[in-house]
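Read the structure below first, then the notes.
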């Protein structure tokens, strides 16, 4: 659970709750849901000022598997004090996954020479920052927001369902009302669970799901089969989508799967290539 004025420390075994800091929230202060990713055994030492503020803080291990545990509406504090390389990799993975979570890097003063705009972060803060500075930076990040840009924005638009229940992604069309899917106007022969799995992934473009999450969302809470079922259905889906579209269901190593919307030009290029091949055959 998350508690005000403390840490919700999620570990692979048993969560531990840290209650530190002031017990009374200042009048007029907004409570923000924060996530802290760190390797530190004691999260309160990463950015001590956080414990003196009245925000809810969820603590997760600093690895790719933690991305699927992050709540949708949160500000992520990423502990980059001792491992800038891992922090940079996580920043890239977060953006590649289509997540719009604002990232605040926690640095030592020496880290400022390495970080630049290509990291895609919302702000930086030194680990020794005062509570007032941390609160001010949080306020600025919240006010600016973090609207997805570039490929992330395109991914967000791709999963939109129109009034007829159709979801379009390039030449792939999923009819949620008719329980059918087609590729370049040709129907794809899908079993019921294959369709449900494809529909769920297409509805959440760019978002990474673990096998356990997909099993829960597609097969339901009362399904007692193993997660290998997901792998089998993913393989079948890729085979039925064919060589040009099988890659839209991407694998995130050691995490799970995600739907990667095809580039707009792919369909056009494929059509041109097919036409050119036909012309060559006729000649």
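Numbering (my numbering), first residue to last: 76 to 358.
For every residue, glycine included, the Cβ atom is placed at its ideal position computed from N, Cα and C.
Just so you know, these numbers come straight off a predicted model, no measurement behind them.
Are residue 308 and residue 274 closer than 8 Å when you measure CB to CB?
-> no
Taking the alpha carbon of residue 153 as the point to measure from, which residue in 176, 300 and 329 has its own alpha carbon closest?
-> 176
So who's on the other strand from residue 258, going by DSSP bridges?
-> 247 and 261
Of all the options 239, 135, 184 and 180, which has the alpha carbon lying nearest to the alpha carbon of residue 212?
-> Of the residues 239, 135, 184 and 180, the one whose Cα lies closest to the Cα of residue 212 is 180.
Using a Cβ-Cβ cut-off of 7 Å (strictly less than) and excluding sequence neighbours within five positions of residue 53, which residues of its own chain qualify?
-> Nothing can be reported for residue 53: it is not among the residues displayed for the chain, which extend from 76 to 358.
Between 146, 186, 143 and 207, which lies nearest to residue 163 when the distance is taken from Cα to Cα?
-> 186
From residue 159 to residue 165, what does the alpha carbon distance come to, in whole angstroms?
-> Using only the alpha carbons, I get a separation of about 10 Å.
Taking 8 Å as the cut-off, decide whether the C-beta atoms of residue 139 and residue 330 are in contact.
-> yes
Identified DSSP bridge partners for residue 284 = 332
For residue 183 and residue 201, believed in contact at Cβ under 8 Å, the rounded distance | 7 Å
Check whether the Cβ atoms of residue 312 and residue 302 sit closer than 8 Å, and answer yes or no.
-> no
Considering only the beta carbon of each residue, do residue 169 and residue 197 sit closer than 8 Å?
-> no
Taking only runs that begin and end inside the stretch 144-187, name each unbroken alpha helix (DSSP H) of 4 or more residues, in chain order.
-> 159-171
May I ask you to report which of helix, strand or coil DSSP gives residue 196?
-> Three-state DSSP puts residue 196 in coil, outside helix and strand.
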